[in-house]
Amino acid sequence: MKSLKNTSLLIAIAFMLGNCGGSKGPETTETLAGDIKIDGSSTVYPISEAVAEDFKATYPDVKVTVGLSGTGGGFKKFGRGEIDINDASRSIKSSEDSICKASNISHIELKVAFDGLAVVVNLNNTWVKDITVAELKKMWEPDAQGKIKFWNQIRPEWPKEEIHLFGAGVESGTYDYFTEAVVGKSHSSRGDYTASEDDNVLVQGISTDKLALGFFGLAYYTENKDKLKLVGVDDLKVENGKGPILPSIETVKNKTYAPLGRPLFIYVNSKAAARKEVQTFVDFYLTNSAKLSQEVGYIPMTDEEYTAEKTKFNTYIKSLTK
Numbered sequence: 014m015k016s017l018k019n020t021s022l023l024i025a026i027a028f029m030l031g032n033c034g035g036s037k038g039p040e041t042t043e044t045l046a047g048d049i050k051i052d053g054s055s056t057v058y059p060i061s062e063a064v065a066e067d068f069k070a071t072y073p074d075v076k077v078t079v080g081l082s083g084t085g086g087g088f089k090k091f092g093r094g095e096i097d098i099n100d101a102s103r104s105i106k107s108s109e110d111s112i113c114k115a116s117n118i119s120h121i122e123l124k125v126a127f128d129g130l131a132v133v134v135n136l137n138n139t140w141v142k143d144i145t146v147a148e149l150k151k152m153w154e155p156d157a158q159g160k161i162k163f164w165n166q167i168r169p170e171w172p173k174e175e176i177h178l179f180g181a182g183v184e185s186g187t188y189d190y191f192t193e194a195v196v197g198k199s200h201s202s203r204g205d206y207t208a209s210e211d212d213n214v215l216v217q218g219i220s221t222d223k224l225a226l227g228f229f230g231l232a233y234y235t236e237n238k239d240k241l242k243l244v245g246v247d248d249l250k251v252e253n254g255k256g257p258i259l260p261s262i263e264t265v266k267n268k269t270y271a272p273l274g275r276p277l278f279i280y281v282n283s284k285a286a287a288r289k290e291v292q293t294f295v296d297f298y299l300t301n302s303a304k305l306s307q308e309v310g311y312i313p314m315t316d317e318e319y320t321a322e323k324t325k326f327n328t329y330i331k332s333l334t335k
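Numbering (this note's numbering), first residue to last: 14 to 335.
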């Protein structure tokens, strides 16, 4: 009889727990599902990839794919409506915006971090310790092709050895930014250099060539600093007055690393921005960019700047429903 009473008591307790929801635990949030397609800048790629990995851990039913076609290559896909978000290491060009408008695609630009362009040489290069913007221009401007071939043409004390140049491909926002900052005109440089949209290819080329000099995002130098030598850049401006400056979180933030510090962006297609999974992803991106951008070698913005970008995006979403 005693065991029967105990059994009845256990059944009653179980029934009560079931009715009060004790066996279910806390209510789960709305399940998100869908596909988000991202492409574009190889510079922004490491940040977007890191965000996508963390996002998937929280929202496993949302498939996020991240490509790296270069900023220009990404904007071509973006303008055709093939991707939802374009990673960009520069602002959209008017010609690219016109393609978007022709396809009835509107968009919003959001800043996610800052970056410094690193100028690097081979570890066995013993003569280049720093360089001026004017000397970089002398190397890279269109008129240099076929004329500026040797190191001693840049500084007489440097050896009469060939200069082997490596840099971002012409579809890259890094190329556009570098040429505008150094040469004075975007998308303008000599053509006889080793170009690649993949910064890892540039790292490999420079690290195995004693006569090489190249440029790419600071994060790729940070990942490979045991293989490359970082070169200080002197902009020769009175307001700087500090001589050659190496890129770092501090020098990019305080703008002493000039003119090769720059903002990084994501562009969100308006049709994609109307989808709940994209809205959640972009909010997640801006919430976690400070931490993740620094983890992969970039310079985070301030909390106030990220809050402003969130407000900008939320206001944009509301405008889409009017």
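C-beta atoms are modelled at their ideal positions from N, C-alpha and C, and glycine is treated no differently.
It should be emphasised that the depicted structure is a prediction, and the values quoted were computed from it without experimental measurement.
If you pair each beta-carbon of the region 274-285 with each one of the region 118-129, do three or more pairs fall below 8 Å?
yes
Using CA coordinates, which residue listed in 182, 69 and 201 is at the minimum distance from residue 297?
The option with the nearest alpha carbon to residue 297 is 69.
Could you spell out where the alpha helix (DSSP H) holding residue 333 opens and where it closes?
316-333
Going by C-alpha to C-alpha distance, which of 222, 71, 320 and 181 sits closest to residue 203?
181
Under the rule that 16 or more other beta-carbon atoms within 10 Å means buried, what is residue 42, buried or exposed?
In this predicted model, residue 42 has a pLDDT of only 49, less than 50, meaning its place in the structure is not dependable; the value taken from the coordinates is given anyway. Answer is exposed; the Cβ neighbour count stays below 16.
Throw me the rounded Cβ distance for the residue 247 and residue 256 pair, which I believe falls under 8 Å.
The pair is a contact, with the Cβ atoms about 6 Å apart (cut-off 8 Å).
Which runs of the beta strand (DSSP E) fall wholly inside the region 42-112 and span at least 3 residues, in chain order?
47-53, 75-79 and 98-101
Does DSSP put residue 28 in a helix, in a strand, or in coil?
Reliability fails at residue 28, whose pLDDT of 41 lies under 50, so the model's placement of it is uncertain and no value is given.
Hey, would you say residue 167 sits closer than 8 Å to residue 148, going by beta carbons?
yes
Kindly list the residues whose CB is nearer than 7 Å to the CB of residue 93, restricted to its own chain and excluding five residues on each side of it in sequence; keep chain order.
116
Nearest-angstrom Cα distance between residue 176 and residue 223?
Taking the Cα positions, residue 176 is about 10 Å away from residue 223.
Using a Cβ-Cβ cut-off of 8 Å (strictly less than) and excluding sequence neighbours within five positions of residue 132, which residues of its own chain qualify?
144, 149, 226, 227, 228, 243, 244, 246 and 273
Within a Cβ cutoff of 8 Å, which residues of the same chain sit near residue 136, ignoring the five residues on either side of it in sequence?
220, 240, 241 and 242
Which same chain residues end up closer than 8 Å to residue 142 when comparing Cβ atoms and leaving out the 5 residues on each side of it in sequence?
244, 245 and 257
For residue 127 versus residue 276, is the C-beta distance shorter than 8 Å?
yes
Alpha carbons only, please: which of 302, 89 and 327 is nearest the one belonging to residue 107?
89
Since I believe residue 100 is in contact with residue 61 (beta carbons under 8 Å), could you give me their beta-carbon distance rounded to a whole number of angstroms?
5 Å
Just mark residue 333 as buried or exposed, buried being the case when its beta carbon has 16 or more other beta carbons within 10 Å.
exposed
Please confirm whether residue 189 and residue 288 have their CB atoms less than 8 Å apart.
no
Got a sec, what are the start and stop residues for the alpha helix (DSSP H) residue 215 sits in?
212-220
Using only the heavy atoms of the ligand MG, determine whether one of them is closer than 7 Å to the beta carbon of residue 156.
Here there are no bound small molecules, and the ligand MG is not part of this structure.
For residue 169, name the three-state secondary structure that DSSP assigns.
coil
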